[in-house]
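Chemist: Residue numbers (the working numbering): 541 to 732.
Virtual Cβ for every residue (Gly too), placed ideally from N, Cα, C.
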Amino acid sequence: MINTDVLHDKSIVGSPIVHLSSMTIMLYVFWLLLSGNTQPKFLIYGAITSIIASWVCYPLLLIPNFDGTKKYFVFGINPFKVVYYFFWLMWQLILANIDVIKATVRHELDINPCVVKFRYRIDNPMGTVILANSITLTPGTVTMNVTPDGLYEVHALTDGAADGLKDPSGMPGKVAWLLGQDFEFDVVEVDY
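1. Which residue wins for smallest C-alpha separation from residue 662, given the options 656, 672, 557 and 654?
2. Anyone know if the C-beta pair for residue 614 and residue 629 falls short of 8 Å?
3. Could you tell me whether the stretch 550-562 touches the stretch 588-598, using the rule of 3 or more Cβ pairs below 8 Å?
4. Is it the case that the stretch 621-628 contacts the stretch 692-702, given that we only count it when at least three CB pairs across the two stretches are under 8 Å?
5. Output needed for residue 709: all residues of its chain with C-beta closer than 8 Å, excluding positions within five of it in sequence on either side, in chain order.
6. What is the rounded straight-line gap between the Cα of residue 656 and the Cα of residue 712?
7. Only counting the same chain, and skipping five residues up and downstream in sequence, which positions put a Cβ closer than 6 Å to that of residue 547?
8. Roughly how many angstroms separate the alpha carbons of residue 636 and residue 660, rounded to a whole number?
9. Can you give me the Cβ contacts of residue 582 inside the same chain, cut-off strictly under 7 Å, excluding the 5 residues immediately before and after it?
10. On the three-state DSSP scale, how would you describe residue 651?
11. With respect to the beta strand (DSSP E) encompassing residue 722, which residues constitute its N-terminal and C-terminal limits?
12. Residue 679: buried (16+ other C-beta within 10 angstroms of its C-beta) or exposed?
13. Where residue 665 and residue 677 are concerned, what is the direct C-alpha to C-alpha distance, given to the nearest angstrom?
14. According to DSSP, is residue 542 helix, strand or coil?
15. Measuring alpha carbon to alpha carbon, tell me which residue in 670, 698 and 607 is nearest residue 642.
16. Please identify the residue among 633, 565, 646 and 569 whose C-alpha is closest to the C-alpha of residue 512.
17. Nearest CA to the CA of residue 623: which residue from 717, 639 and 728?
18. Are residue 706 and residue 682 close, meaning C-beta to C-beta below 8 Å?
19. Which runs of the alpha helix (DSSP H) fall wholly inside the stretch 631-705 and span at least 4 residues, in chain order?
20. Can you look up residue 606 in the DSSP assignment and give me helix, strand or coil?
Structural data, given as structure tokens:
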């Protein structure tokens, strides 16, 4: 696909001009932070390089949804929502750490390993990636497999971790909120 066609592609969710502008600004700020050079000549080089890099890389950062009807920009997420989600996820990591510590420091281990299978469908493929990685980051849970139809197989170490995976308003709901998407969620089975 030629880059000028990208600007007129109706299957892209959001505005390609906004995506390109925000990516150019982010690259330019990143360049300024790394170089630290504020001479006019270098500021111009940085601006030109950021524009060219954005123009060349933009088509590579468009990912199609599973049925191929829409394309999503990888970085097309509200930065304020990203910051909120980051702090919410850090809090979940603290709670999960406490749960695992309580389960493992007793004389009798209070662990109950199981595999929770649930189906999570969201149009934006980034939702699948973010949810799988967020689950794996959380202590006591590991995403073992995600199928193309949205079936997640997650190993949970404790009952608390398994219960958290069954709650659609927890992590699956937060990921959908982060991306501004509707989602479908249902628990398929729990294997002990």
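Modeler: Taking the structure as given:
1. In the sequence shown, the residue the question calls residue 662 occupies position 122. Minimum Cα-Cα distance from residue 662 among the listed residues 656, 672, 557 and 654 corresponds to 672.
2. As a working note, residue 614 is residue 74 in the sequence shown. As a working note, residue 629 is residue 89 in the sequence shown. A distance of 8 Å or more separates the beta carbons of residue 614 and residue 629.
3. Counting C-beta pairs closer than 8 Å gives three or more between the stretch 550-562 and the stretch 588-598, which meets the contact rule.
4. No: fewer than three Cβ pairs fall under 8 Å.
5. The residue labelled residue 709 in the question sits at position 169 within the sequence shown. Excluding residues up to 5 positions away in sequence, nothing lies with its Cβ nearer than 8 Å to the Cβ of residue 709 in the same chain.
6. The sequence position of residue 656 within the sequence shown is 116, counting from 1. The sequence position of residue 712 within the sequence shown is 172, counting from 1. Going by C-alpha positions, residue 656 is about 14 Å away from residue 712.
7. Along the sequence shown, read from residue 1 onward, the residue named residue 547 stands at position 7. Here the set comprises 556.
8. By one-based count along the sequence shown, residue 636 stands at place 96. By one-based count along the sequence shown, residue 660 stands at place 120. Distance between the alpha carbons of residue 636 and residue 660 is about 21 Å.
9. If you number the sequence shown from 1, residue 582 lands on position 42. These residues qualify, in order along the chain: 575.
10. In the sequence shown, residue 651 corresponds to position 111, counting from 1. For residue 651, the three-state secondary structure derived from DSSP is coil.
11. Here residue 722 refers to the residue found at position 182 when the sequence shown is read from its first residue. Run containing residue 722: none; DSSP gives neither H nor E here.
12. Within the sequence shown, numbered from 1, the residue matching residue 679 stands at position 139. Here residue 679 is buried, its C-beta having at least 16 other C-beta atoms within 10 Å.
13. Here residue 665 refers to the residue found at position 125 of the sequence shown. Here residue 677 refers to the residue found at position 137 of the sequence shown. If I take the Cα positions, the gap works out to 19 Å.
14. Start at 1 with the first residue of the sequence shown, and residue 542 comes out as number 2. The pLDDT assigned to residue 542 is 49, lower than 50, so where the model puts this residue is not dependable, and the model offers no usable value.
15. Mapped onto the sequence shown, residue 642 falls at position 102. Answer by Cα proximity: 698.
16. The structure shown does not extend to residue 512, since the chain is modelled only from 541 to 732, so the question has no answer here.
17. Counted from its first residue, the sequence shown places residue 623 at position 83. Measuring from the Cα of residue 623, the nearest candidate turns out to be 717.
18. What you label residue 706 is simply residue 166 of the sequence shown in a count that begins at 1. What you label residue 682 is simply residue 142 of the sequence shown in a count that begins at 1. Residue 706 is not a Cβ neighbour of residue 682, given a cutoff of 8 Å.
19. Considered as a whole, the stretch 631-705 harbours 665-677 and 699-705 as its complete alpha helix (DSSP H) runs of no fewer than 4 residues, in chain order.
20. Taking the sequence shown and counting its residues from 1, the one referred to as residue 606 is at position 66. In the structure shown, residue 606 falls within a coil segment according to DSSP collapsed to helix, strand and coil.
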